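Remarks on the structure that follows.
In the numbering used here, the protein residues as written are 76 to 154.
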């Protein structure tokens, strides 16, 4: 069983280094195109990839394969 994920998520979202990004309708279309090109459907991962590319940031993840299925060229730092 997972620990209280609600509490963990709240802590993460309150951390000063975490940036919240709203999914605009324009960005949603970009995510859809990205997912169509990769023939994958993982809207959360698609949005994360889009934001990372827009900012020129590497991805921090415990599951790099999930992101690389959509963006094999992605710069990933493993947590």
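Note that CB positions come from ideal geometry on N, CA and C, so glycine has one too. Since we're looking at a predicted model, the values are computed, not measured.
Could you round the C-beta distance between residue i and residue j to whole angstroms and report it? I think they count as a contact, below 8 angstroms.
| i | j | result |
| --- | --- | --- |
| residue 143 | residue 117 | Contact doesn't hold; Cβ gap of about 11 angstroms is too wide. |
| residue 134 | residue 151 | 5 angstroms |
| residue 148 | residue 125 | The pair is not a contact, with the Cβ atoms about 14 angstroms apart (cut-off 8 angstroms). |
For residue i, which of helix, strand or coil comes out of DSSP?
| i | result |
| --- | --- |
| residue 93 | coil |
| residue 103 | helix |
Strictly by DSSP, which residues pair up with residue i?
| i | result |
| --- | --- |
| residue 151 | 134 |
Short of 7 angstroms in beta carbon distance, which residues of its chain neighbour residue i, apart from the five on each side in sequence? Order them along the chain.
| i | result |
| --- | --- |
| residue 121 | 106, 109, 110, 145 |
| residue 154 | 135, 136, 137 |
| residue 87 | 93 |
Short of 6 angstroms in beta carbon distance, which residues of its chain neighbour residue i, apart from the five on each side in sequence? Order them along the chain.
| i | result |
| --- | --- |
| residue 80 | none |
| residue 115 | 144, 145 |
Hey, out of the options, whose CA is closest to residue i's CA?
| i | options | result |
| --- | --- | --- |
| residue 94 | 104, 127, 154 | 127 |
| residue 130 | 84, 82, 96 | 96 |
Is any non-hydrogen atom of the ligand SAM found closer than 7 angstroms to the C-beta of residue i, if you look at the structure I gave you?
| i | result |
| --- | --- |
| residue 94 | Ligands are entirely absent from the displayed structure, and the ligand SAM is therefore not among its contents. |
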